[in-house]
Each structure stands twice: as C-alpha cells, then as structure tokens.
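Comments concern the structure below.
Numbering (the numbering used here), first residue to last: 2 to 149.
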C-alpha cells in the first residue's frame, strides 16, 4: 500500500483559514437577525376592524407569538392599528412592506421583521437581494423574510 507524503504541520493552514472564516462570520453576523426563542405563527393575519383587539387577544391566548401582516392589515394605516393590538398582548409582527422604503416602516419593539416578498420568481432574486440588504442596513436585528 502506497502512502502519500504530507508535511508535518501542513494541516495548520486549513485550521487557520477555518478559524478566520468563523471570526469574520461572527463579526458580520453582529448586526443581523438572531432568533432568540421559538416562533409560533400562522399565515394570514386577522382583519383589522372593530374587533382587532379581541382578535389579537385570541391569537395570544392560543399560544401564538408572531403574526405575519399584510392580509388583514392591508395598508400602512391598518398596520399601525395591528401593531398597537399586538403590542397590547405581547405578540410580535412580521410587517408587510407595501413597497415602501424600509426607512418608512415601523421600527418598534413589536417589529420582528418584514415580509420582503411572498412567492418570488427566479427573475426577482437580484431585486430581493438588494431589498434584504436594505432591511439589514436600515433595521439591523430585524428579520428580512421571504416566503417561498
């Protein structure tokens, strides 16, 4: 059986590269989203109407801790009412973006992140990448969410 010659200590280079990669990945991740607890949500937020506070109290009572906005809260004005209702019962929100610049979107304690796009096509990947980068830059620590 033939043995290959390996210089003593040559495995140190891959180890050093791996350590550097982990170090720089840790620096880059500093301002990015970090999931701190189990998230329980569902698709399709309740309507934002005269019963909004009661509806979100039911959602919290059922054990959900996040709501994905954009259906029941179909406008920025309704999203503000959704935010207030969720804040009352300690639920966080993945807000719809409504095509607005990220700077114009809610950046409060209730904000878990933003629904960047629902069911994107392959042709949208570059646009989505820039939108995710915008969320990370303008709202560090918030989740830029793309539903596939």
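Glycine included, C-beta positions come from ideal geometry on N, C-alpha and C.
These numbers were taken from a predicted model, which means no experiment stands behind them.
Notebook entry, point to check: Which same chain residues, not among the five before or five after residue 66, have their C-beta less than 7 Å away from its C-beta?
Noted result: Reading the chain shown from its first residue, position 65 is the one you call residue 66. Excluding sequence neighbours, residue 66 sits near 40, 41, 92 and 93.
Next item on the list: Can you have a look at residue 83 and say buried or exposed, based on whether 16 or more other CB atoms are within 10 angstroms of its CB?
Entry: Taking the chain shown and counting its residues from 1, the one referred to as residue 83 is at position 82. It is buried - the Cβ of residue 83 has at least 16 other Cβ atoms within 10 Å.
Next item on the list: Please list, in chain order, all residues of the same chain as residue 81 whose beta carbon is under 8 Å from its beta carbon, the five residues on each side excluded.
Entry: Within the chain shown, numbered from 1, the residue matching residue 81 stands at position 80. Cβ neighbours of residue 81 beyond the five flanking positions: 107.
Notebook entry, point to check: What separation, rounded to the nearest whole angstrom, lies between the Cα atoms of residue 126 and residue 147?
Noted result: On the chain shown, residue 126 is found 125 positions in, with the first residue counted as 1. On the chain shown, residue 147 is found 146 positions in, with the first residue counted as 1. Approximately 11 Å, taken between the alpha carbons.
Next item on the list: Please classify residue 43: is it buried, with 16 or more other beta-carbons within 10 angstroms of its beta-carbon, or exposed?
Entry: As a working note, residue 43 is residue 42 in the chain shown. Result: exposed.
Notebook entry, point to check: Under the three-state reduction of DSSP, which class applies to residue 95: helix, strand or coil?
Noted result: One-based indexing of the chain shown puts residue 95 at position 94. Note: residue 95 maps to strand in three-state DSSP.
Checklist line | Chain-order list of residues whose beta-carbon lies under 6 Å from that of residue 135 (same chain, five-residue window excluded) | finding: Within the chain shown, the letter at position 134 stands for residue 135. Same-chain partners within the cutoff: 103.
Checklist line | DSSP-derived helix/strand/coil call for residue 148 | finding: To locate residue 148, count along the chain shown from 1; it is residue 147. Assignment of residue 148 by DSSP, reduced to helix, strand and coil, places it in the strand class.
Next item on the list: State the DSSP-derived secondary structure class of residue 111, mapped to helix, strand or coil.
Entry: On the chain shown, position 110 is the one that residue 111 refers to. Three-state result, residue 111: coil.
Note to self: For residue 28, which residues in the same chain have their Cβ closer than 8 Å to its Cβ, ignoring the five residues on either side in sequence?
What the structure shows: The sequence position of residue 28 within the chain shown is 27, counting from 1. Confidence is the limiting factor: at residue 28 the pLDDT is only 35, short of 50, which leaves the residue's position unreliable, though a coordinate-based value still follows. Excluding its 5 nearest sequence neighbours in each direction, residue 28 has no C-beta neighbour in its own chain below 8 Å.
Margin query: With DSSP as the reference, identify every bridge partner of residue 119, one or two as the case may be.
Written below: Sequence index remark: in the chain shown, residue 119 carries index 118 (1-based). According to DSSP, which records beta bridges pairwise, residue 119 is partnered with 148.
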